[in-house]
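Heads up: the sequence lines are chains A and B, in that order.
Numbered by my numbering, the letters in the first sequence go through residues 1 to 319 in order.
Numbered by my numbering, the letters in the second sequence go through residues 320 to 645 in order.
Beta carbons are placed, not taken as given, at the ideal position from N, Cα and C, and that holds for glycine.
Predicted model only: the values in this text are computed from it and were never measured.
Read through the structure below, which is laid out as structure tokens, and then see the notes.
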Amino acid sequence: MSTPDIAISQRITTQRALRGRKVDPANIIFEIALILSLLTSLGFVILLLATVFSDGVGVFQERGFGFFTSNLSRIPEQAGIAQALFGSAALAVIVVLVAFPLGITTAVYLEEYAPDNKFMTLVRLNIRNLAGVPSVVYGLLGLAVFVKLLGTDMAGGTGITGGRTIISGGLTLSVLVLPIVVITSSEALRAVPASLREGAYGVGATKWEVTKKLVLPNALPGILTGTVLSLSRAIGETAPLILVGAFYGTFFTTGDTGTLGKFTTTYTALPQVIYQWATEAQSEFNVELTSAAICVLIGLTFVANIAAILLRNRYEKRW
Amino acid sequence: MGDMTSVIDAPSPSPLGEPAVDLRGNSRRRWRETRVKVVLLFSVGITLAISVAIIASLLGQSIDFINSIPLDNLWNFDQWAPRIGDFDIATLFVGSLLVTAIAMIIATPLGLGAAIYLSEYASPRVRRIFKPFLEVMAGIPSIVLGFFAIAWIGPEIVQKLFSDASAFSLAAAGIGVGLLVTPLVASVSEDALRAVPLSLREASYGLGARKLTTVTRIIFPAAISGVVAAMILGISRAIGETMIVTLAAGAYGEANFTTNPLDVGMTVTSGIATLASGTDQVAGGAGTAASSAYNSLFFLGLLLFIVTFLLNVVGESFVRRIRERY
């Protein structure tokens, strides 16, 4: 237990001794109001989870694994999320391959290598601001750069990204989470004490040797926590994918093409399917279908979040 | 880090007058250092390029947009219907303003109350239970809250309180956005409250102040810049939120001007999202109303970028202020 906690408990004891048995109504009302505001937000979360789960659980009971393995369909009884799961998984893989290496190396440069000058201060400020840019603006960036600029070649044919493909979507999401990866990794690197580095320099290690053998291994749990959280953010993003053309119709071709073809044709992702179904959720069955898909999405993001929190608590070091 | 390198790299003359030994190692090690540095710098370059790309892509097409339409078309309190050439951004501004205001009316008491409770009243054990709960709440995807807004907030809260509210409304969207922003407001203001040194609390108790007085007269004013930062960052987040509004506010592709939060409406963000759902059609030929509609996406994006950028800069400066004071 850290010192402030002990101090607080001591303070409470002192306070009690001084106050005696007198009751202070204003104090109690204030505290109750505070507890209520905390419980209200928690209440909404529990209500949300309960509603979605109770509406969606029927689909899992009736369809079992069929819900996960069947494709999108016009007929609600046959509609499943197989293509959405494939799309989300592929997007996540692209984010892992693009945003993580770029973000972590950027953080290493900024924390370990960067000279302390005005330009680098500006770079850091710029990254902090990028993290606050609304996700829909990243969608516009993806539309202009990945879909239009890189998606068409000089002659007007299809370019590197192939236009509205999973590659454009994955790159857009990578750009979206990149600042978050940089910021969380920077914090993890900064938490490694300077004495560790100085010791290594003292025995003649070069900068990269110190970084690779000491700083990175010690910062790894923190970096992993940040990357897992940003991955869960990427999986849940909807708005940018609308702009770069994730498909959300009720018919679909991905299931029919070969593995490579899946990356160059229309695609969808879990949040997109939820968006589509939610806008059509008039009939009782569509509400159930949407709720079931939401259960899967919440399940995925919660697993990621809880994994990150556990990882942090397990490996959190006190220097 | 900079000064440490200079200590190691500087070839210092030996005190015995012999030629200094080069401790920097062999040329292969030095070459590897250079290579690593180039790779790392390349990554930094890419993050910089992203900012440039955002501004360039937004700015270019925004200028095309402004040039392609009559300017009085931009502000006439009529309607936002880009597909037929009606570009009244006042409709979207008022929509964003209403949603953000409602969101902050929800998020400020909930977030601030939770923050004060967790920082000042909760025992360490209660804190350890509730803090992760708020973190999990912050991780809920906005599309899920959007669905909750149409499935529950709209019919069970807005329509129960106001019988004349429509099934989809700016108010329902605002409440949904408020729930999304609450954990952000809570965590930023809790950090600020916890940054207030214990000595201030002790001094207050020492003078005989009760807990309520200490919290409201001492702790809260001391942490005020952090609380302001929490609100500003919350507002910025609320303005930029897209999916909740797109689903719950009801307007799709076009919207009439309205100042009534119980009406169907549209914000800057949902204007982008719902118009973009059909960009293939709007992207049509150059110089037509359709290409103006496509370019208007980028104009809205630019406005959104500028507003959230300014709010974030101001918010961050408030966060820094409280960090420097204590």
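I'd like to know if residue i contacts chain B, where contact means its C-beta is closer than 8 Å to some C-beta of that chain.
i, result
"A:Tyr267", "no"
"A:Thr152", "no"
"A:Arg63", "no"
"A:Phe30", "yes"
"A:Phe207", "Residue identity check: residue 207 of chain A is Lys in the sequence provided, not Phe. Judged by the 8 Å Cβ criterion, A:Lys207 is in contact with chain B."
"A:Thr250", "Here A:Thr250 scores only 46 on pLDDT, less than 50, and its place in the model is too uncertain to base an answer on."
"A:Thr238", "yes"
"A:Val182", "yes"
"A:Ala188", "no"
"A:Val23", "no"
"A:Ser37", "yes"
"A:Phe302", "yes"
"A:Leu171", "no"
"A:Pro193", "no"
Under three-state DSSP, which class holds residue i?
i, result
"A:Tyr267", "coil"
"A:Tyr275", "helix"
"B:Ala605", "Reliability fails at B:Ala605, whose pLDDT of 45 lies under 50, so the model's placement of it is uncertain and no value is given."
"B:Glu573", "strand"
"B:Trp394", "coil"
"A:Phe60", "helix"
"B:Phe406", "strand"
"B:Thr501", "helix"
"B:Gly584", "strand"
"A:Thr152", "strand"
"B:Ala542", "coil"
"A:Ala191", "coil"
"B:Ala400", "strand"
"A:Asn117", "coil"
"A:Gly80", "coil"
"B:Ser488", "coil"
"A:Ile160", "coil"
"A:Asp24", "coil"
"B:Thr578", "coil"
"A:Thr253", "Note that A:Thr253 scores 46 on pLDDT, short of 50, meaning its location in the model is unreliable; the coordinates nonetheless yield the value given after this. Reduced to three states, the DSSP call for A:Thr253 is coil."
"B:Thr561", "coil"
"B:Gln600", "Here the model assigns B:Gln600 a pLDDT of 48, short of 50, so the residue's position is not dependable, and the following value carries that caveat. Helix, per DSSP."
"B:Ile388", "coil"
"A:Ala234", "helix"
"B:Asp483", "coil"
Kindly say whether residue i, judged by its beta-carbon, lies nearer than 8 Å to any beta-carbon of chain A.
i, result
"B:Asn631", "yes"
"B:Met456", "yes"
"B:Ser415", "no"
"B:Val463", "yes"
"B:Glu352", "yes"
"B:Arg640", "no"
"B:Tyr436", "yes"
"B:Ile448", "no"
"B:Phe406", "no"
"B:Glu635", "yes"
"B:Pro428", "yes"
Can you tell me the Cβ-Cβ gap for residue i and residue j, rounded? I've got them flagged as a contact below 8 Å.
i, j, result
"A:Val95", "A:Val177", "6 Å"
"B:Gly432", "B:Leu503", "About 14 Å; that fails the 8 Å criterion."
"B:Leu359", "B:Leu621", "Rounded, the Cβ-Cβ distance is 32 Å, inconsistent with contact."
"B:Tyr440", "A:Leu36", "12 Å between Cβ atoms; not a contact."
Within 7 Å: the Cβ of residue i and any heavy atom of the ligand MG?
i, result
"B:Ser381", "The ligand MG is not part of the structure shown, which contains no ligands of any sort."
Interface residues of chain C around residue i at Cβ under 8 Å?
i, result
"B:Trp399", "Included in the structure are the protein chains A and B, with no chain C among them."
On the three-pair Cβ rule with 8 Å, is the region 198-215 of chain A touching the region 123-137 of chain A?
no
Check whether the region 516-533 of chain B and the region 447-467 of chain B are in contact - that is, three or more C-beta pairs closer than 8 Å.
no
Assess, as a yes-or-no matter, whether the region 413-422 of chain B is touched by the region 491-511 of chain B under the definition of 3 or more beta carbon pairs within less than 8 Å.
yes
Under 8 Å, with one C-beta from each stretch per pair, do the region 479-491 of chain B and the region 565-583 of chain B reach the 3-pair mark?
yes
Give me the subset of the region 550-561 of chain B whose CB atoms are less than 9 Å from a CB atom of chain A, sorted by chain position.
Leu552, Ser555, Arg556, Ile558, Gly559, Glu560, Thr561
Using a Cβ-Cβ cut-off of less than 7 Å, give me the residues of the region 208-234 of chain A that come near chain B, in sequence order.
Trp208, Ser232
Quick check: the region 76-95 of chain A against the region 265-272 of chain A, are at least 3 beta-carbon pairs closer than 8 Å?
yes
If you measure beta-carbon to beta-carbon, which residues of the region 522-554 of chain B are closer than 7 Å to chain A?
Tyr524, Arg529, Lys530, Leu531
Taking only beta carbons into account, state which residues of the region 471-501 of chain B come closer than 8 Å to chain A, listed in chain order.
Trp471, Leu498, Thr501
Is the region 138-152 of chain A in contact with the region 231-246 of chain A, if contact means three or more CB pairs nearer than 8 Å?
yes
Would you be able to state if there are at least three C-beta pairs under 8 Å between the region 582-596 of chain B and the region 539-555 of chain B?
no
Beta carbons nearer than 7 Å to chain A: which residues of the region 568-591 of chain B have them?
Thr588, Ile591
Does the pairing of the region 391-407 of chain B with the region 567-578 of chain B give three or more beta-carbon distances under 8 Å?
yes
Within 8 Å, do at least three Cβ pairs link the region 223-237 of chain A to the region 67-82 of chain A?
no
Could you tell me whether the region 163-177 of chain A touches the region 104-120 of chain A, where touching means 3 or more Cβ pairs closer than 8 Å?
no
Does the count of Cβ pairs from the region 283-297 of chain A and the region 52-69 of chain A closer than 8 Å reach three?
yes
Closer than 7 Å, Cβ to any Cβ of chain A: which residues of the region 365-377 of chain B, in chain order?
Ile365, Thr366, Leu367, Ile369, Ser370, Ala372, Ile373, Ser376, Leu377
Check each residue of the region 127-145 of chain A: if its Cβ is closer than 9 Å to any Cβ of chain B, include it; give the result in chain order.
Ile127, Arg128, Asn129, Leu130, Ala131, Gly132, Val133, Pro134, Ser135, Val136, Val137, Tyr138, Gly139, Leu140, Leu141, Leu143, Ala144, Val145
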